[in-house]
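Chemist:
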Amino acid sequence: MTATFQSLAAHCGIALPPMLERLLADGRTRYGSSREDWQANWFEYTLRARPLLSCVYDLEWIGPERARQIAEEWLDPRFQDGRAFLPFAISGAGDAYCLMRTATGEAAGAGMVWHDRGDSAMDAAGFEQFVFARLVESALDFEHLLDDFSPMQARECVLANLQAAASYLSDAPAQALRSLAAAAGPVADDSTGMIDEDVAARALSVYPAFESPRFAVVPRWECG
Numbered sequence: 000m001t002a003t004f005q006s007l008a009a010h011c012g013i014a015l016p017p018m019l020e021r022l023l024a025d026g027r028t029r030y031g032s033s034r035e036d037w038q039a040n041w042f043e044y045t046l047r048a049r050p051l052l053s054c055v056y057d058l059e060w061i062g063p064e065r066a067r068q069i070a071e072e073w074l075d076p077r078f079q080d081g082r083a084f085l086p087f088a089i090s091g092a093g094d095a096y097c098l099m100r101t102a103t104g105e106a107a108g109a110g111m112v113w114h115d116r117g118d119s120a121m122d123a124a125g126f127e128q129f130v131f132a133r134l135v136e137s138a139l140d141f142e143h144l145l146d147d148f149s150p151m152q153a154r155e156c157v158l159a160n161l162q163a164a165a166s167y168l169s170d171a172p173a174q175a176l177r178s179l180a181a182a183a184g185p186v187a188d189d190s191t192g193m194i195d196e197d198v199a200a201r202a203l204s205v206y207p208a209f210e211s212p213r214f215a216v217v218p219r220w221e222c223g
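Right, dumping it as structure tokens:
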């Protein structure tokens, strides 16, 4: 049976956040229409926020089959002290960005589970906050984009992502992203960001401060 994120969510006991459901339905987590399409047009797609979060450092969306494999072979409650995880993206090294539920079944937050560390923590109280924070971080520091883009193009990429994400977020965070985009001035040839720390901090304050206790994670190679 072919996996879907809806079936994985039901299996994990983690409800799909409405924002993620809409992104999946709208194709905003896809890399072109095919591998060949992406290879031919990745530059323009990235500048146009296709997929969403194209400006974010070291984050690659995954499909439901890859998510199922990661969940079954590594981030399964039977290996992870009862904790459930629903992967939705990975890093280049194979770390997993996940929705995650605590061992006691509390509401799902979001964050990265490192493939080679013995502990982890939720980065955000929910998926919306996770996306919002990653975009603010990209506006503050887009140096990772400069291997492929000029500072002006990197700014264009971040702005496209801010504008696209705003249509998926609830009112206050959406307005905060629009204000962030409006506050972003021109960039110089040696720029590595488009906002300063104060602007970033004000934007992030739209959500309540969130801090998660760290929890143990069994590394991937010890599972199975």
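FYI, numbering that gives the first Met the number 0 numbers position 162 of the sequence shown as 161, with every residue one higher than the one before it. Note that the Cβ used here is the ideal one computed from N, Cα and C, for glycine as well.
Which term fits Gln-79, buried or exposed, when burial requires 16 or more other beta carbons within 10 angstroms of its beta carbon?
Modeler: buried
Chemist: Leaving out five residues on either side along the sequence, give the residues of the same chain with a beta carbon under 6 Å from the beta carbon of Ala-159.
Modeler: Arg-47 and Ala-48
Chemist: Between which two residues does the alpha helix (DSSP H) containing Phe-4 stretch?
Modeler: 4-11
Chemist: Take the Cβ of Gln-174 as the centre, count every other Cβ of all protein chains shown within 10 Å, and call the residue buried at 16 or more, exposed below.
Modeler: exposed
Chemist: Can you list, in chain order, the residues of its chain with a C-beta nearer than 8 Å to that of Ser-169? Leave out the 5 residues immediately preceding and following it.
Modeler: Glu-127
Chemist: Alpha carbon to alpha carbon, how far is Gln-152 from Phe-214? Give it in angstroms, no decimals.
Modeler: 39 Å
Chemist: So if DSSP puts Cys-97 in a beta bridge, which residue, or which two residues, is it bridged to?
Modeler: DSSP lists Pro-86 and Gly-110 as the bridge partner or partners of Cys-97.
Chemist: Taking just the CA atoms, how far does Leu-144 sit from Ala-124?
Modeler: 27 Å
Chemist: Residue ranges of each alpha helix (DSSP H) run of no fewer than 4 residues wholly in the segment 181-207, ordered along the chain?
Modeler: 196-203
Chemist: Look at the alpha carbon of Ser-190 and the alpha carbon of Pro-86, and state the distance between them as a whole number of angstroms.
Modeler: 33 Å
Chemist: Compute the distance between the beta-carbons of Phe-42 and Asp-147, then report whether it is under 9 Å.
Modeler: Here Phe-42 is near Asp-147, since their CB atoms are less than 9 Å apart.
Chemist: What is the rounded straight-line gap between the Cα of Cys-222 and the Cα of Gly-184?
Modeler: If you take the alpha carbons of Cys-222 and Gly-184, they lie about 48 Å apart.
Chemist: Take Trp-37 and list the residues in its own chain whose beta-carbon comes closer than 8 Å to its own, dropping the five residues that flank it on each side.
Modeler: Tyr-30, Gly-31 and Tyr-44
Chemist: Put Phe-148 into one of helix, strand or coil per three-state DSSP.
Modeler: coil
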